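Peer 1: Heads up: the sequence shown begins at 1 in full-length UniProt numbering, then just goes up one per residue.
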Amino acid sequence: MNVDGVVNLEQGLIGLGAVVRNEKGEVLATATWRHIFPNDVEFVEALTIYEGLKLALSVRLHPLLIESDSKNMVDLILGKSKSFYEIRWLNSKIQAVTNVVRCLVQFVPKACNMVADRLTKLALLYPDNCVWLEEAPLELDSLLYTDVVSYC
1 MNVDGVVNLE QGLIGLGAVV RNEKGEVLAT ATWRHIFPND VEFVEALTIY
51 EGLKLALSVR LHPLLIESDS KNMVDLILGK SKSFYEIRWL NSKIQAVTNV
101 VRCLVQFVPK ACNMVADRLT KLALLYPDNC VWLEEAPLEL DSLLYTDVVS
151 YC
């Protein structure tokens, strides 16, 4: 599962995106979420992982590999750094799930997270939260193929 988040300060909004794939790289689900910016980028990254985790569990994908390009959040979930008070409760929810369900959480560079990155931008365009099961928005077709072929 790849997740990402983006902040649009002009609109005061955040866009979150997630793509869930099986071990063959086939898309099981994609989703976008749009929220009001909570004035905390770390909270946005935590919320992104939490929403993606819920999506992956809803399609019953486990064991689960969670990939994020937010090194700070990956380190926080893995217990390698301390959390700020504002995101401590959300991090504890993420850790509770990752302790029960077999999960591996790892950092990936932005270049290896392009589908989730593109989903965040779509989230800012769509007025509602969206979930696609066993497919992705048409705008991602070529990017999904490229992403699987050149898997990081």
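Note that CB positions come from ideal geometry on N, CA and C, so glycine has one too. Only a predicted model underlies this, so the values are computations on that prediction, with no experimental measurement involved.
Hey, how far is the Cα of A123 from the Cα of A116?
Peer 2: Looking up residue 123 in the sequence shown gives position 123. Looking up residue 116 in the sequence shown gives position 116. Using only the alpha carbons, I get a separation of about 10 Å.
Peer 1: Classify D40 as helix, strand or coil using the three-state DSSP reduction.
Peer 2: Against the sequence shown, residue 40 aligns to sequence position 40. Looking at D40 - three-state DSSP - the assignment turns out to be coil, as it is neither helix nor strand.
Peer 1: Note the first and the last residue of the continuous beta strand (DSSP E) segment covering R21.
Peer 2: Against the sequence shown, residue 21 aligns to sequence position 21. Its beta strand (DSSP E) spans residues L13 to R21.
Peer 1: Please name the residue, chosen from D69, R60, N22 and I14, that lies closest to I36 on a Cα-to-Cα basis.
Peer 2: The residue given as residue 36 occupies position 36 in the sequence shown. Among D69, R60, N22 and I14, the Cα nearest to that of I36 is on I14.
Peer 1: Would you list the one or two residues that DSSP bridges to V131?
Peer 2: Position 131 of the sequence shown, counted from the first residue, corresponds to residue 131. V131 is bridged to A31.
Peer 1: How is the alpha helix (DSSP H) around V74 delimited, first residue to last?
Peer 2: Numbered from 1 along the sequence shown, position 74 holds the residue referred to as residue 74. Here the alpha helix (DSSP H) through V74 covers K71 to I77.
Peer 1: Around the Cβ of A96, are there at least 16 other Cβ atoms within 10 angstroms (buried) or fewer (exposed)?
Peer 2: On the sequence shown, residue 96 is found 96 positions in, with the first residue counted as 1. Classification for A96: exposed.
Peer 1: Please list the terminal residues of the continuous alpha helix (DSSP H) segment that includes L125.
Peer 2: Locating residue 125 in the sequence shown gives position 125, where the first residue counts as 1. Start and end: M114 to L125.
Peer 1: Assign V44 to buried or exposed, taking buried as 16 or more other Cβ atoms, counted over all protein chains shown, within 10 Å of its Cβ.
Peer 2: Counting from one through the sequence shown, the residue named residue 44 turns up at place 44. By the neighbour-count rule (16 or more Cβ atoms within 10 Å), V44 is buried.
Peer 1: Which of the three DSSP states is assigned to L9 in this structure?
Peer 2: One-based indexing of the sequence shown puts residue 9 at position 9. Of the three classes helix, strand and coil, the one that applies to L9 here is coil, per DSSP.
Peer 1: For A56, tell me which candidate among W89, L133, T120 and D141 has the shortest Cα-Cα distance.
Peer 2: The residue labelled residue 56 in the question sits at position 56 within the sequence shown. Nearest of W89, L133, T120 and D141 to A56, Cα basis: L133.
Peer 1: Can you give the beta carbon distance from R118 to L143, rounded, assuming they're within the 8 Å contact cut?
Peer 2: Taking the first residue of the sequence shown as 1, we reach residue 118 at position 118. Taking the first residue of the sequence shown as 1, we reach residue 143 at position 143. So it is a contact: roughly 6 Å between Cβ atoms.
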